[in-house]
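**Q** The structure that follows is given in the form of structure tokens.
Numbering (our numbering), first residue to last: 924 to 1071.
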């Protein structure tokens, strides 16, 4: 399975990955509309973590043993049998946020929109390369087959 790997040594914390993720998951797919006109505003499924000179992007790691899937009370979190990616079914989600508590990486975000469900990296289905990876100017995110 292909995964996104962060490269801390070249991440400058510009947050372009967050911006392009939010736009990709917006209704309009347009930067200005996504930030200025859509309500509620979409949520990025990736976040840049910084501590002094160190910065790196954090998103779902699509774990082999996904604690979020095991802890989900409704089956909204599941592993896609075709791709192996950990997915989220918004229709089944009841907003209990148990998956957020279970994720050891803090990679699942709360979407505080009308339904108060979760948002997580979905590897941008329909795109050959996820938006965050394709738009990183320093190649601080790499999309490749799982390292062995």
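Backbone N, C-alpha and C define an ideal beta-carbon position, used for all residues, glycine too.
#1: Opposite residue 1040 in the DSSP bridges: which residues?
#2: Does the segment 946-966 touch the segment 989-999, meaning 3 or more C-beta pairs lie closer than 8 Å?
#3: Roughly how many angstroms separate the alpha carbons of residue 981 and residue 972, rounded to a whole number?
#4: Given this structure, state the Cα-to-Cα distance separating residue 1005 from residue 924, to the nearest angstrom.
#5: Return helix, strand or coil for residue 943, following the three-state DSSP convention.
#6: Let me know if residue 1054 comes out buried or exposed under the rule of 16 or more other beta-carbons within 10 Å of its beta-carbon.
#7: Are the segment 1046-1061 and the segment 1029-1037 in contact at 8 Å, needing three or more beta carbon pairs?
**A** According to the structure shown:
#1: Beta-bridge partners assigned by DSSP to residue 1040: 1034.
#2: no
#3: 7 Å
#4: 10 Å
#5: helix
#6: buried
#7: Contact between the segment 1046-1061 and the segment 1029-1037 is absent, because fewer than three Cβ pairs lie under 8 Å.
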